[in-house]
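J.: Protein chains in written order, with this note's numbering: chain A, 1 to 200; chain B, 1 to 200; chain C, 1 to 200; chain D, 1 to 200.
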DNA sequence: AATGAATGAGGATTCATTCAT
DNA sequence: GATGAATGAATCCTCATTCAT
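This is how it looks when you write it as structure tokens:
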């Protein structure tokens with residue numbers, strides 16, 4: 001049935017789903033997921049509570065989709081940036097992008113950190129290892145690393161970027177974007193200063 | 001609450017209170033505070049629910065006290081370590097201590113990050129600024145920093161340490177303590193490599 | 001038992017007991033008994049909560065004793081006043097005394113009205129019938145009443161006095177004592193105007 | 001989970017709200033609001049506890065609505081009756097109506113008296129002043145009153161009617177309706193006997 | 001005589017979820 | 001597609017009461 005009337009309805013249906021997604025995104029950027037009720041999300045989206053369940057099945061699934069959306073969006077762009085010819089510039093661009101991404105989607109870090117706590121490390125671990133893998137790909141084009149240092153170094157860069165980005169999102173006045181990026185890149189500078197360059 | 005602070009000699013009096021503190025500490029290390037019920041804390045401490053309220057007034061106050069306890073303990077020791085003669089060694093000892101502290105009190109980071117989200121930046125901000133102040137005191141004995149870089153750099157070190165420590169606390173198998181400490185110190189190495197030494 | 005030692009103890013015991021009585025009296029004047037906790041009473045009296053139970057056995061018994069104390073005090077004085085030679089003057093004095101009594105012991109009316117609701121009409125009914133009996137004794141010295149009118153008339157006077165006195169206790173600015181007494185006495189004036197005088 | 005549909009009674013949309021209202025009305029007629037739990041109200045209405053909150057938001061709001069409903073219903077009818085041509089008859093009809101109203105809605109007086117105690121004199125004062133205003137409108141068509149006597153006299157009639165009506169609602173055997181109305185009207189008789197008639 | 005610690009039953013409220021329409 | 005009504009489990013908290021000291 002693709003009568004004009006039902007088409008019009010489908011457009012509006014998609015509308016509801018997207019509005020809910022945006023609303024949840026906004027609300028979850030400031031508060032822990034437990035502190036955001038389905039009522040609040042529905043109200044912020046201007047739809048009824050039932051619509052949340054109609055479109056997403058459950059609160060957890062809605063949150064999961066936000067998390068997945070964020071993780072994929074982040075990784076996609078980061079992978080693209082990581083492919084740049086100059087590894088140092090690529091790393092810096094990655095940090096820059098991460099910084100801006102967190103500013104745009106504060107809910108994402110919020111949710112990811114929250115998930116980190118639960119024992120079900122499914123998507124969480126996945127993102128973490130995807131991130132460190134990607135970082136290491138670029139780092140190894142820059143310096144030679146001991147096997148045992150790889151994960152710690154990558155995790156440190158990842159953590160420094162995430163943490164400072166998150167702090168910036170909360171209290172934005174006193175942490176200038178470029179200075180923070182510079183500070184995070186110091187880890188890489190430290191590597192360059194103390195490690196042999198990558199053999200190519 | 002009419003508890004004269006001078007008479008803390010009663011052994012049994014402190015017993016329930018301490019057991020509750022420990023139990024809350026343990027439970028809050030693995031889960032978000034909203035996900036830990038007062039019932040669970042009381043049960044884990046082997047006391048009745050009412051005892052939580054008798055001793056702490058409310059769940060929030062119990063959590064607050066854990067947070068304060070952790071913040072003070074952390075800052076006390078860190079201040080002591082920061083006073084060491086060699087600034088680089090002092091910084092490394094600080095990172096080492098932070099790493100071990102988080103391993104011992106995972107609940108603390110958990111709670112602190114949680115607080116970070118809420119808008120009530122009272123104790124949260126305090127710890128953050130106390131930490132960055134202390135870090136900067138030591139850093140400035142090591143290198144000369146632009147005014148605008150101070151807070152970003154200190155926040156980066158703080159964040160990298162906290163984040164990696166927290167990740168270690170969750171999944172301890174693949175992040176060796178010493179390598180992580182080395183990785184966090186890379187930020188300092190980067191500073192040393194790119195900045196003029198402190199004048200003294 | 002009137003040994004010196006026990007006397008001395010009785011003095012101190014009486015002290016706590018009386019302080020509790022006064023404190024309860026004050027607190028119960030402004031709030032419903034359910035809204036006044038034993039903690040509050042003990043705190044207001046400057047003693048520990050256990051002392052309430054040591055002295056009164058339970059919250060209910062403490063309240064009961066206040067109620068009994070008030071009922072007896074009120075009835076004693078009212079009986080004395082009722083015996084005056086002029087029945088109209090006696091009635092007016094009774095109303096005056098009741099008005100002042102309620103102003104002094106607002107908790108009393110409060111508690112009595114509260115008890116009124118419960119099905120256990122023990123002390124409540126007793127006071128009510130003692131009051132109406134006393135009123136009727138005086139009224140019958142003034143006018144002749146049909147048997148069926150006695151209780152309604154006495155209850156009306158009782159109620160008018162209690163209600164206005166209670167309203168005065170709450171919002172004291174706009175109800176002058178003497179006008180209120182005059183207004184309550186209008187019921188008696190109405191009787192005098194429409195009823196044959198008592199035969200004596 | 002949920003009980004099978006066969007066991008559960010289907011309740012119509014508006015039904016639940018009204019059933020809750022009635023149930024609360026009944027329960028609050030016999031007990032102080034603090035002594036009536038939301039569980040009891042829900043059980044008496046045959047709905048779940050959550051339904052109380054869905055329909056009324058809170059226990060206080062439910063009680064408020066009962067109070068408002070009663071106050072409006074009482075005032076509406078009383079205003080209508082007060083407009084009658086003969087002021088004495090109008091007053092008597094007002095008392096009669098009040099008497100019957102309290103018999104029908106004992107909860108109302110109960111709640112009103114309870115509110116009286118709290119310091120939040122919002123709705124309470126309103127009803128009180130609306131009542132005395134209305135009474136005075138009619139009284140002034142009957143007799144001339146000193147300014148200072150107006151409020152006391154009106155409050156006395158209001159109180160006498162409310163109090164006796166409430167006593168009747170509790171122990172109905174010994175206070176006949178007509179005799180009580182007669183007794184309350186004695187205040188008016190007293191005024192007529194001692195005051196100059198209204199000019200007009 | 002007095003108390004501080006502890007208790008547990010009970011109460012108000014929230015909220016994710018279900019379901020008939 | 002969407003919704004409003006209803007639910008009940010779970011949660012935080014209060015408070016009268018008990019008891020060892």
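A virtual CB, placed ideally from N, CA and C, is assigned to each residue, including glycine. Given the structure is predicted, the values throughout are model-derived calculations rather than measurements.
1) Could you tell me which chain D residues have their CB closer than 8 Å to the CB of residue 152 of chain C, listed as they occur along the chain?
2) Considering only residues of the segment 33 to 59 of chain D, which uninterrupted beta strand (DSSP E) runs meet the minimum length of 3 residues and lie entirely inside it, listed in chain order?
3) Residue 171 of chain B: buried (16+ other C-beta within 10 angstroms of its C-beta) or exposed?
4) Of all the alpha helix (DSSP H) runs that stay within the bounds of the segment 86 to 110 of chain B, which reach a length of 4 or more residues?
5) Are the segment 53 to 68 of chain A and the segment 87 to 103 of chain A touching, with three or more C-beta to C-beta distances below 8 Å?
6) Apart from the five residues just before and just after residue 84 of chain B, which ones in its own chain have a Cβ nearer than 6 Å to its Cβ?
7) Looking at residue 174 of chain A and residue 190 of chain B, is the spacing between their C-beta atoms short of 8 Å?
8) Does the beta carbon of residue 127 of chain D sit closer than 8 Å to a beta carbon anywhere in chain C?
9) Are the beta-carbon atoms belonging to residue 33 of chain D and residue 111 of chain D less than 8 Å from one another?
10) Taking the alpha helix (DSSP H) that residue 18 of chain D falls in, what are its first and last residues?
11) I'd like to know whether the C-beta of residue 193 of chain A is nearer than 8 Å to at least one C-beta of chain B.
12) Give a yes or no on whether the minimum CB-CB distance between residue 190 of chain A and chain B is below 8 Å.
13) Going by alpha carbons, who is nearest to residue 179 of chain C out of D:196, D:141 and D:145?
14) Spell out whether any CB of chain C is found under 8 Å from the CB atom of residue 34 of chain D.
15) Mind checking which residues open and close the alpha helix (DSSP H) that includes residue 147 of chain A?
16) Per DSSP, what are the beta-bridge partners of residue 197 of chain C in this structure?
17) Which residue's Cα is closest to the Cα of residue 127 of chain B: B:177, B:113, B:106 and B:138?
18) In terms of alpha-carbon separation, which member of A:22, A:133 and A:158 lies closest to residue 165 of chain B?
19) Taking just the CA atoms, how far does residue 57 of chain D sit from residue 76 of chain A?
20) Is it right to say residue 61 of chain A is buried, meaning 16 or more other beta carbons lie within 10 angstroms of its own, or is it exposed?
21) At the level of alpha carbons, what is the spacing between residue 185 of chain D and residue 117 of chain D?
22) Taking residue 57 of chain D as the query, report the chain C residues whose CB atoms sit under 8 Å from its CB, ordered along the chain.
23) Counting only beta-carbon separations shorter than 8 Å, does residue 51 of chain C have a partner in chain D?
24) At least one CB of chain C closer than 8 Å to the CB of residue 61 of chain D: is that the case?
25) So what's residue 6 of chain B in DSSP terms, helix, strand or just coil?
26) Determine the DSSP secondary structure at residue 84 of chain D, reduced to helix, strand or coil.
27) Would you report the Cα separation of residue 36 of chain A and residue 17 of chain C, rounded to the nearest angstrom?
28) Using the three-state DSSP reduction, which class does residue 71 of chain D fall into: helix, strand or coil?
29) Tell me whether residue 192 of chain A sits in a helix, a strand or coil according to DSSP, three-state version.
30) Determine, for residue 186 of chain A, whether the minimum Cβ-Cβ distance to residues of chain B falls below 8 Å.
31) With C-beta atoms as the reference, is residue 45 of chain C less than 8 Å away from residue 19 of chain C?
32) Residues of chain B with CB closer than 7 Å to the CB of residue 113 of chain A, please, in chain order.
33) Determine the direct distance from the alpha carbon of residue 115 of chain A to that of residue 23 of chain C, and round the result to whole angstroms.
34) Using only alpha-carbon positions, find the residue among B:198, B:187, B:197 and B:176 that is nearest to residue 100 of chain B.
35) Residues of chain A with a CB under 8 Å from the CB of residue 230 of chain B: which are they?
36) Between residue 187 of chain A and the ligand SAM, is the CB less than 7 Å from at least one heavy atom?
T.: In short:
1) If you number the third chain from 1, residue 152 of chain C lands on position 152. In chain order: 164, 175, 176, 179, 180, 182 and 183.
2) Within the segment 33 to 59 of chain D, no run of beta strand (DSSP E) at least 3 residues long lies entirely inside it.
3) Reading the second chain from its first residue, position 171 is the one you call residue 171 of chain B. Classification for residue 171 of chain B: exposed.
4) 87 to 104
5) no
6) Here residue 84 of chain B corresponds to residue number 84 of the second chain, with the count starting at 1. A distance below 6 Å between beta-carbons, with the five flanking residues on each side excluded, links residue 84 of chain B to the following residues of its chain, in chain order: 90.
7) Mapped onto the second chain, residue 190 of chain B falls at position 190. Mapped onto the first chain, residue 174 of chain A falls at position 174. In this structure, residue 174 of chain A does not lie closer than 8 Å to residue 190 of chain B by Cβ.
8) One-based indexing of the fourth chain puts residue 127 of chain D at position 127. Chain C, which has no Cβ nearer than 8 Å to the Cβ of residue 127 of chain D, makes this no.
9) Here residue 33 of chain D is taken as the residue at index 33 of the fourth chain, counted from 1. Here residue 111 of chain D is taken as the residue at index 111 of the fourth chain, counted from 1. Yes, the Cβ-Cβ distance between residue 33 of chain D and residue 111 of chain D is below 8 Å.
10) Taking the fourth chain and counting its residues from 1, the one referred to as residue 18 of chain D is at position 18. It spans 15 to 30 - the alpha helix (DSSP H) in which residue 18 of chain D sits, taken as one unbroken run.
11) For the purposes of this step, residue 193 of chain A is taken as the residue at position 193 of the first chain. Chain B, which has a Cβ nearer than 8 Å to the Cβ of residue 193 of chain A, makes this yes.
12) Looking up residue 190 of chain A in the first chain gives position 190. Yes, its Cβ sits closer than 8 Å to a Cβ of chain B.
13) Numbered from 1 along the third chain, position 179 holds the residue referred to as residue 179 of chain C. Answer by Cα proximity: D:145.
14) What you label residue 34 of chain D is simply residue 34 of the fourth chain in a count that begins at 1. Output row for residue 34 of chain D: interface = yes.
15) Position 147 of the first chain, counted from the start, is the residue given in the question as residue 147 of chain A. First-last of the alpha helix (DSSP H) with residue 147 of chain A: 147 to 170.
16) In the third chain, the residue the question calls residue 197 of chain C occupies position 197. C:143, per the DSSP bridge assignment.
17) As a first step, residue 127 of chain B is located in the second chain; it is residue number 127 there, counting from the start. It is B:113.
18) For this step, residue 165 of chain B is matched to residue 165 along the second chain. Nearest C-alpha to residue 165 of chain B: A:158.
19) Translated into the one-based positions of the first chain, residue 76 of chain A becomes position 76. Translated into the one-based positions of the fourth chain, residue 57 of chain D becomes position 57. Rounded to the nearest angstrom, the two C-alpha atoms are 46 Å apart.
20) Reading the first chain from its first residue, position 61 is the one you call residue 61 of chain A. Looking at its Cβ environment, which holds fewer than 16 other Cβ atoms inside 10 Å, residue 61 of chain A is exposed.
21) For the purposes of this step, residue 185 of chain D is taken as residue 185 along the fourth chain, with counting starting at 1. For the purposes of this step, residue 117 of chain D is taken as residue 117 along the fourth chain, with counting starting at 1. Their Cα atoms are separated by approximately 27 Å.
22) Counted from its first residue, the fourth chain places residue 57 of chain D at position 57. Listed along the chain, the chain C residues whose CB falls inside 8 Å of the CB of residue 57 of chain D amount to none; the nearest CB is some 21 Å away.
23) Along the third chain, one-based indexing puts residue 51 of chain C at 51. Residue 51 of chain C does not count as touching chain D.
24) In the fourth chain, counting from the first residue as 1, residue 61 of chain D sits at position 61. Closer than 8 Å: no.
25) As a working note, residue 6 of chain B is residue 6 in the second chain. With a pLDDT of only 36 at residue 6 of chain B, under 50, the local geometry of the prediction cannot be trusted, and the value read off the model is given with reservation. Here residue 6 of chain B sits in coil by DSSP.
26) Counted from its first residue, the fourth chain places residue 84 of chain D at position 84. Of the three classes helix, strand and coil, the one that applies to residue 84 of chain D here is coil, per DSSP.
27) On the first chain, position 36 is the one that residue 36 of chain A refers to. On the third chain, position 17 is the one that residue 17 of chain C refers to. Spanning the two alpha carbons is a distance of roughly 51 Å.
28) Here residue 71 of chain D is taken as the residue at index 71 of the fourth chain, counted from 1. Helix at residue 71 of chain D.
29) For this step, residue 192 of chain A is matched to residue 192 along the first chain. Reduced to three states, the DSSP call for residue 192 of chain A is helix.
30) On the first chain, residue 186 of chain A is found 186 positions in, with the first residue counted as 1. Closer than 8 Å: yes.
31) Here the question's residue 45 of chain C lines up with position 45 in the third chain. Here the question's residue 19 of chain C lines up with position 19 in the third chain. Yes; because the gap between Cβ atoms is below 8 Å, this pair is in contact.
32) The residue given as residue 113 of chain A occupies position 113 in the first chain. By Cβ distance, chain B contributes 113.
33) Along the third chain, one-based indexing puts residue 23 of chain C at 23. Along the first chain, one-based indexing puts residue 115 of chain A at 115. Taking the straight line joining both Cα atoms gives about 53 Å.
34) For the purposes of this step, residue 100 of chain B is taken as the residue at position 100 of the second chain. Ranking B:198, B:187, B:197 and B:176 by Cα distance to residue 100 of chain B puts B:176 first.
35) Any property of residue 230 of chain B remains undetermined from this structure, which presents chain B solely from 1 to 200.
36) Only the bare structure without any ligand can be found here, which leaves the ligand SAM out of the picture.
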